[in-house]
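Encoded as structure tokens, the structure appears first; notes follow it.
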Amino acid sequence: MHVCSLVQAEVNLFELTILIIKAPEFEFVIIAFVQSLIKLHNSVAIHGIYAWLKNIHQLDWSWVQVCEHEAAGNIEQAAYEYKLLLNEHFKSLSIVNETGEDSISVGVVKFLT
Numbered sequence: 734m735h736v737c738s739l740v741q742a743e744v745n746l747f748e749l750t751i752l753i754i755k756a757p758e759f760e761f762v763i764i765a766f767v768q769s770l771i772k773l774h775n776s777v778a779i780h781g782i783y784a785w786l787k788n789i790h791q792l793d794w795s796w797v798q799v800c801e802h803e804a805a806g807n808i809e810q811a812a813y814e815y816k817l818l819l820n821e822h823f824k825s826l827s828i829v830n831e832t833g834e835d836s837i838s839v840g841v842v843k844f845l846t
């Protein structure tokens with residue numbers, strides 16, 4: 734009986750975590766944190782955030798990797814990859830996405846532009 738309650742609690746916690754991750758506030762905090770780390774030229778910390786997002790939350794936010802290039806001083810590489818991300822986003826706006834979701838959120842587009 735207690736084991737079932739524990740399992741159900743874990744399932745509820747997992748579902749709550751998913752809801753929190755999808756919330757715009759979560760993304761806003763990540764954007765603000767990454768922006769700060771870019772200004773500090775701390776590419777190692779940005780890489781850690783990317784790994785954390787990918788491994789723990791299963792979020793492959795490629796824009797974080799681009800920010801890592803910018804923080805490391807690889808401005809040309811970062812500019813090229815920012816351009817690719819924005820082109821991909823604007824193409825996805827003109828083509829109906831099968832999932833109904835944009836590949837990049839509005840908050841990230843504002844950050845990139």
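Everything in the sequence shown is counted per the numbering used here, starting at 734 for the first residue and increasing by one. A virtual CB, placed ideally from N, CA and C, is assigned to each residue, including glycine. Here the structure is a predicted model, which is why all the values come from computation and not from measurement.
Option nearest residue i by Cα separation, candidates the options
i           : options            : result
residue 778 : 812, 797, 788, 761 : 797
residue 799 : 789, 790, 775      : 775
residue 805 : 765, 825, 757, 771 : 771
residue 823 : 762, 758, 841      : 841
residue 786 : 763, 812, 813      : 763
residue 769 : 757, 801, 784      : 801
residue 795 : 809, 767, 773      : 767
Residue i (DSSP reduced to helix, strand or coil)
i           : result
residue 736 : With a pLDDT of only 48 at residue 736, under the threshold of 50, the placement of this residue in the model should not be trusted; the figure read from the coordinates follows. Note: residue 736 maps to helix in three-state DSSP.
residue 796 : helix
residue 781 : helix
residue 791 : coil
residue 807 : coil
residue 829 : Per-residue confidence for residue 829 stands at a pLDDT of 47, beneath the threshold of 50, marking its modelled position as unreliable; the derived number appears in the next sentence. Residue state, collapsed to three classes: coil.
Unbroken alpha helix (DSSP H) run spanning residue i, endpoints
i           : result
residue 774 : Taken as a continuous stretch (DSSP letters only), residue 774 belongs to no alpha helix (DSSP H), as it is neither H nor E.
Check: Would you call the stretch 782-790 and the stretch 806-818 in contact, with 3 or more CB pairs under 8 Å?
Finding: no
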